[in-house]
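J.:
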Amino acid sequence: MKQITTILSLALPILVLSSLAPAELRPYEGAASVPAAEAYTVDLTHSTILFRVNHLGISNAYGRFNKFSGDIQWAPDDLGQTSVSFEVDASSVDSNHEGRDDHLRGPDFFSAKEFPTWSFESKEVKALGEDRYAVTGDMTMRGKTEEISFEMEKTGEGESERFGKKIGFEAMFDIQRTKFGISYATPGIGDEVGVILSIEANLAKD
Amino acid sequence: MILPALSPALVAGGVLLLAKRTRVAFAGLAGALGYLAAHTALLGLPELEPVAAVERMPYILLAIAAVVTVCGARASSVGDALLLLVCAAGAWWVTESARSNDLLGTAGGLLLGSLALLSYASSQLLGSISKGAKSWAAPLLLATSALALAPALVMGRSAVLGQLCGAVCAASCAAAFLCRRGDFEEEGALMARAAAPAISLLAACGALYAYLDPWAAGCLALSPLLAGFGLQRDEDWSPRYGFGATSLLCLVGLWLAYKGMPAPSPYDY
Numbered sequence: 022m023k024q025i026t027t028i029l030s031l032a033l034p035i036l037v038l039s040s041l042a043p044a045e046l047r048p049y050e051g052a053a054s055v056p057a058a059e060a061y062t063v064d065l066t067h068s069t070i071l072f073r074v075n076h077l078g079i080s081n082a083y084g085r086f087n088k089f090s091g092d093i094q095w096a097p098d099d100l101g102q103t104s105v106s107f108e109v110d111a112s113s114v115d116s117n118h119e120g121r122d123d124h125l126r127g128p129d130f131f132s133a134k135e136f137p138t139w140s141f142e143s144k145e146v147k148a149l150g151e152d153r154y155a156v157t158g159d160m161t162m163r164g165k166t167e168e169i170s171f172e173m174e175k176t177g178e179g180e181s182e183r184f185g186k187k188i189g190f191e192a193m194f195d196i197q198r199t200k201f202g203i204s205y206a207t208p209g210i211g212d213e214v215g216v217i218l219s220i221e222a223n224l225a226k227d
Numbered sequence: 002m003i004l005p006a007l008s009p010a011l012v013a014g015g016v017l018l019l020a021k022r023t024r025v026a027f028a029g030l031a032g033a034l035g036y037l038a039a040h041t042a043l044l045g046l047p048e049l050e051p052v053a054a055v056e057r058m059p060y061i062l063l064a065i066a067a068v069v070t071v072c073g074a075r076a077s078s079v080g081d082a083l084l085l086l087v088c089a090a091g092a093w094w095v096t097e098s099a100r101s102n103d104l105l106g107t108a109g110g111l112l113l114g115s116l117a118l119l120s121y122a123s124s125q126l127l128g129s130i131s132k133g134a135k136s137w138a139a140p141l142l143l144a145t146s147a148l149a150l151a152p153a154l155v156m157g158r159s160a161v162l163g164q165l166c167g168a169v170c171a172a173s174c175a176a177a178f179l180c181r182r183g184d185f186e187e188e189g190a191l192m193a194r195a196a197a198p199a200i201s202l203l204a205a206c207g208a209l210y211a212y213l214d215p216w217a218a219g220c221l222a223l224s225p226l227l228a229g230f231g232l233q234r235d236e237d238w239s240p241r242y243g244f245g246a247t248s249l250l251c252l253v254g255l256w257l258a259y260k261g262m263p264a265p266s267p268y269d270y
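Chains A and B, in that order, are what the protein sequence lines are.
Position one of the first sequence corresponds to residue 22 (the numbering used here), numbered consecutively onward.
Position one of the second sequence corresponds to residue 2 (the numbering used here), numbered consecutively onward.
1. Check whether the Cβ atoms of P59(B) and Y36(B) lie closer than 8 Å to each other.
2. With 16 as the cutoff for other CB atoms within 10 Å, does A42(A) come out buried or exposed?
3. Output the distance between the C-alpha atoms of G189(B) and G215(A), rounded to the nearest integer angstrom.
4. Would you mind reading off the limits of the alpha helix (DSSP H) that contains R121(A)?
5. Okay, do the segment 76-84 of chain B and the segment 49-59 of chain B touch, 3+ Cβ pairs below 8 Å being the bar?
6. Leaving out five residues before and five after S104(A) in sequence, what residues of the same chain have Cβ atoms less than 6 Å from its Cβ?
7. Pick helix, strand or coil for S132(A), following the three-state DSSP scheme.
8. Near M193(A), what residues of its chain come up, given a Cβ to Cβ distance below 6 Å and the 5 sequence neighbours on each side ignored?
9. Can you name the residues that DSSP bridges to E59(A)?
10. Pick from F141(A), G164(A) and F171(A): whose alpha carbon is nearest that of A155(A)?
11. Quick one: Cα of L85(B) to Cα of L203(B), how far?
12. Would you verify that the beta carbon of R181(B) is, or is not, closer than 8 Å to some beta carbon of chain A?
13. Which residues, taken in chain order from the segment 169-198 of chain A, show a beta carbon closer than 7 Å to some beta carbon of chain B?
14. For P128(A), is the classification buried or exposed, using 16 other Cβ atoms within 10 angstroms of its Cβ as the cut-off for buried?
15. If you measure from the beta carbon of S113(A) to each beta carbon in chain B, is any gap under 8 Å?
16. Helix or strand or just coil, what does DSSP make of S140(A)?
17. Between the Cα of A147(B) and those of A222(B), Y210(B) and R57(B), spot the shortest distance and give me the residue it belongs to.
18. On a Cα-Cα basis, can you pick out the residue from G209(A), D212(A) and F190(A) that is closest to V63(A)?
19. Identify whether Q164(B) lies in helix, strand or coil by the three-state DSSP scheme.
20. Please list, in chain order, the residues of the segment 100-127 of chain B that have any C-beta partner in chain A closer than 9 Å.
21. Could you tell me if G51(A) is buried or exposed, where buried requires 16 or more neighbouring beta carbons within 10 angstroms of its beta carbon?
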């Protein structure tokens, strides 16, 4: 009887400890308790990419791109998980002049047949203040990749039954077109091109 | 505007004069260096790792010119094979984006091969006709084709390609002028031989990446080859038939480019 008691007294703690062992591993799994980034896709209908370029030192001419897509991985509490990526159809340029658009699509400017898409992939997103972020990433235009940085502002976010969860961002920044091999007609047509990005994105459905 | 137009003529002329005093084979570099000067004046120095066809063109022409310069005026099977190889590599490099973007479709291989052969054949023909003709004939034939292709490219909505083709025309005109005035012998033929592939390659760029009508591009790319109509049995070359055939096809190409020009005018803004 004494032997049975001894065995039980030894076995019980072992059983208790063995049942606890997996629980001891749980905190490791629980390290991922920081909420995962939410995936948003750009809503083309409510988003705009505008560009502005100086013409002959007299005025600024504006144009837009009508076709683009983008994904945003949004994790405001862990910006390391936040990322932004865009792809723009270069041939969708619209400057309100059909002939000029064809010229812009040609080898003098975008060479859209040769390089149909432009892309942006963020590498780092940092917080600057309330709803303001510094985005750094690689922009590829006309086959050339350059690192650019710009400030992005969160313009709002919300959720409704009808529209689902949405988020909005806006950014304004300048790029130098000659860095991307677009040097035709400088300086008559300015080297510095202003980009105005206004994005509304929908939470991606699983 | 003046520098891109004058620089190829001045550079090509300078190289020809230098070739006459030093080594005749250097004349092969005249067209490519003239083109490089125009490219630099228009777009800056060519990129070290070019991805756009326009940026690759100076390297292709320099490679062809190097082969022509090394092999000289004497025909040799090794020289011909090297020239064909460089023309094929040039055609491959210029059409790379078009092939990866499926712009050439299933006929891609056929077009690539045609472009390589056309560049090679233009080079060989213009190099050979001057053997029996005056030395200014080959550069002037090249200038005729370039003179027609340049406005066609502009009509195809690429001022840059048009201006670069104008550089080929200016360099060829300078070579023809010098060969006409001075006692040049092989220099004109060497210059034309090295620069002739520029016509077919620029025409291909215009059709693939700009809006140049493909039939117009085909006619204009073929136009230097029609100089072969002037070749006669005794290896002599008739300028009347040679220039006549080339000019006729250039006019047809220009007319097709005009008819195929998309409306409205891209430069009306």
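Note that beta-carbon positions come from the ideal geometry of N, C-alpha and C, so glycine has one too.
T.: Well, looking at it:
1. Residue mapping note: residue 59(B) aligns to position 58 of the second sequence, counting from 1. Residue mapping note: residue 36(B) aligns to position 35 of the second sequence, counting from 1. In this structure, Y36(B) lies closer than 8 Å to P59(B) by Cβ.
2. Your numbering for residue 42(A) matches position 21 in the first sequence. Confidence at A42(A) is low in this model, with a pLDDT of 46, below 50, so the placement of that residue should be treated as unreliable; the coordinate-derived value is given next. So A42(A) ends up on the exposed side.
3. On the second sequence, position 188 is the one that residue 189(B) refers to. On the first sequence, position 194 is the one that residue 215(A) refers to. Going from the Cα of G189(B) to the Cα of G215(A) covers about 49 Å.
4. Locating residue 121(A) in the first sequence gives position 100, where the first residue counts as 1. Judged by DSSP secondary structure, R121(A) falls within the alpha helix (DSSP H) whose first and last residues are E119 to R126.
5. No: the two stretches stay apart, fewer than three of their Cβ pairs being nearer than 8 Å.
6. Here the question's residue 104(A) lines up with position 83 in the first sequence. The beta carbon of S104(A) sits closer than 6 Å to those of Q94 and S143, all from its chain and outside the five residues before and after it, given in chain order.
7. Reading the first sequence from its first residue, position 111 is the one you call residue 132(A). In this structure, DSSP gives S132(A) a state outside helix and strand, which the three-state scheme calls coil.
8. Along the first sequence, one-based indexing puts residue 193(A) at 172. Only I217 meet the Cβ criterion.
9. If you number the first sequence from 1, residue 59(A) lands on position 38. As a beta-bridge residue in DSSP terms, E59(A) pairs with W95(A).
10. Here residue 155(A) corresponds to residue number 134 of the first sequence, with the count starting at 1. Taking only the C-alpha atoms, the option nearest A155(A) is F171(A).
11. Along the second sequence, one-based indexing puts residue 85(B) at 84. Along the second sequence, one-based indexing puts residue 203(B) at 202. Going by the C-alpha atoms only, they are around 18 Å apart.
12. One-based indexing of the second sequence puts residue 181(B) at position 180. The C-beta of R181(B) comes no closer than 8 Å to any C-beta of chain A.
13. Within the segment 169-198 of chain A, no residue has its Cβ closer than 7 Å to any Cβ of chain B.
14. Looking up residue 128(A) in the first sequence gives position 107. Classification for P128(A): buried.
15. In the first sequence, the residue the question calls residue 113(A) occupies position 92. No, S113(A) lies away from the interface with chain B (no Cβ there is under 8 Å from its Cβ).
16. The count along the first sequence starts at 1 and reaches residue 140(A) at position 119. Secondary structure of S140(A) (DSSP, three-state): strand.
17. Counting from 1 along the second sequence, the entry for residue 147(B) is found at position 146. Checked all of A222(B), Y210(B) and R57(B); the closest Cα to A147(B) is A222(B).
18. Your numbering for residue 63(A) matches position 42 in the first sequence. Nearest of G209(A), D212(A) and F190(A) to V63(A), Cα basis: F190(A).
19. By 1-based counting over the second sequence, the position of residue 164(B) is 163. Note: Q164(B) maps to helix in three-state DSSP.
20. Cβ contacts with chain A: N102 and L104.
21. Numbered from its first residue, the first sequence carries residue 51(A) at position 30. Note on G51(A): pLDDT 44, under 50, position unreliable in the model; the coordinate value appears next. Per the 10 Å Cβ criterion, exposed.
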